[in-house]
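In our numbering, the protein residues as written are 147 to 436.
Comments concern the structure below.
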């Protein structure tokens, strides 16, 4: 079966019931030069469209924190099975006061403050010197926007995501700094995932739901034994839960829509300069000297 579409699930992915998408064909890990990938679930979406799914943080609960995700193995594995387009989600904290918990965001830019994560496939090879504008695939962003509008779902779609190292949350001073730099939200998972996908000429775009108010953006009480979710009002908690549940419906809708659209974006030709120069050939496996 020809798999070209994938979803990488973020926070709460293990709570999404994939059975509602259709029949699961199999689940397996793939060996890569960077270790084993996370388990990849292969679905026939609505018993028709082939879709692959990875839960970024593990199969049960939040087992793998953001800095410990094997981003290179996961992206390499998706490329290996033929994936061309990746939709993903993340649950950051809102910095922009206009963004409320439970609201959807389709970012168009990124600030990368990760520190210790392997960030390229091309260590020491003189490759990977490629543009990051647009940061996210414009075709995927447009499709997500159309799906959310059709569903009557409010969204923000011109905004900047700041990615920090983690696993700890940011200090109030760090959040103030990010706000000054133009960040509308702060999370931990989009980088280097998006950059790695671009290095392998794959389309990538996230659908984001705001899970909390970033530290210091408002006066939040400290409660023993709870994280940020324990600081939300009841209606905000309910909005966040609803947004997460709807991820399992909205992303498959976007993939179904994308399946009828030919790729016509910068992503598919990200390495064209190196091909023209004769530095790399047609087989992407030969690009990576792990």
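Note that CB positions come from ideal geometry on N, CA and C, so glycine has one too.
Computed from a prediction, not measured in an experiment: that's the story for all the values here.
{"query": "Compare the beta carbon distance of residue 306 and residue 256 with 8 angstroms and say whether it is the shorter of the two.", "result": "yes"}
{"query": "Look up residue 326 in the DSSP assignment and say whether it is helix, strand or coil.", "result": "helix"}
{"query": "With H, G and I counted as helix, E and B as strand and the rest as coil, what does DSSP make of residue 373?", "result": "coil"}
{"query": "Suppose you measure from the CA of residue 168 to the CA of residue 289; what does that come to, to the nearest Å?", "result": "22 angstroms"}
{"query": "Please state the DSSP three-state secondary structure of residue 408.", "result": "coil"}
{"query": "Applying the criterion that 16 or more other CB atoms from any shown protein chain within 10 Å of the CB defines a buried residue, is residue 172 buried or exposed?", "result": "exposed"}
{"query": "Which one of 425, 200 and 181 has the shortest CA to CA distance from residue 151?", "result": "200"}
{"query": "Between which two residues does the beta strand (DSSP E) containing residue 351 stretch?", "result": "349–355"}
{"query": "Taking contact to mean 3 or more Cβ pairs, one atom from each stretch, closer than 8 angstroms, check whether the segment 405–412 and the segment 257–270 are in contact.", "result": "no"}
{"query": "Which two residues bound the contiguous beta strand (DSSP E) that contains residue 307?", "result": "306–310"}
{"query": "Below 7 angstroms CB to CB, which residues in the same chain sit around residue 148 once its five sequence neighbours on both sides are set aside?", "result": "196 and 228"}
{"query": "Look at the Cβ atom of residue 330, then the Cβ atom of residue 248, and state whether they are nearer than 8 angstroms.", "result": "no"}
{"query": "Looking at residue 218: is its Cβ nearer than 8 angstroms to the Cβ of residue 264?", "result": "yes"}
{"query": "Between 296, 398, 212 and 341, which lies nearest to residue 190 when the distance is taken from Cα to Cα?", "result": "398"}
{"query": "Is the separation between the beta-carbon of residue 221 and that of residue 418 shorter than 8 angstroms?", "result": "no"}
{"query": "What residue from 410, 351 and 345 has the CA that sits closest to residue 274's CA?", "result": "345"}
{"query": "Could you check the C-alpha separation between residue 226 and residue 380 for me, to the nearest Å?", "result": "44 angstroms"}
{"query": "Leaving out the 5 sequence neighbours to the left and right, which residues in its chain are closer than 7 angstroms to residue 313 when beta-carbon positions are compared?", "result": "211, 212 and 213"}
{"query": "Write down the C-beta distance between residue 309 and residue 333 rounded to the nearest angstrom, noting that I regard them as a contact closer than 8 angstroms.", "result": "6 angstroms"}
{"query": "Does DSSP classify residue 315 as helix, strand or coil?", "result": "coil"}
{"query": "Check each candidate in 424, 175 and 392 and name the one with the smallest Cα separation from residue 298.", "result": "392"}
{"query": "Report the residue from 207, 433, 203 and 170 whose alpha carbon sits nearest the alpha carbon of residue 193.", "result": "170"}
{"query": "State the beta-bridge partners of residue 258 as determined by DSSP.", "result": "309"}
{"query": "Would you grab the beta carbon distance between residue 260 and residue 311 for me? Rounded to a whole angstrom, and I think it's under 8 angstroms.", "result": "5 angstroms"}
{"query": "DSSP three-state label for residue 413, please.", "result": "helix"}
{"query": "Please name the residue, chosen from 416, 237 and 204, that lies closest to residue 355 on a Cα-to-Cα basis.", "result": "237"}
{"query": "Helix, strand or coil for residue 239, going by three-state DSSP, please let me know.", "result": "strand"}
{"query": "To the nearest angstrom, report how far apart residue 203 and residue 187 are at their CA atoms.", "result": "14 angstroms"}
{"query": "Between which two residues does the alpha helix (DSSP H) containing residue 293 stretch?", "result": "284–296"}
{"query": "Could you tell me the alpha carbon to alpha carbon distance between residue 295 and residue 396, rounded to whole angstroms?", "result": "11 angstroms"}
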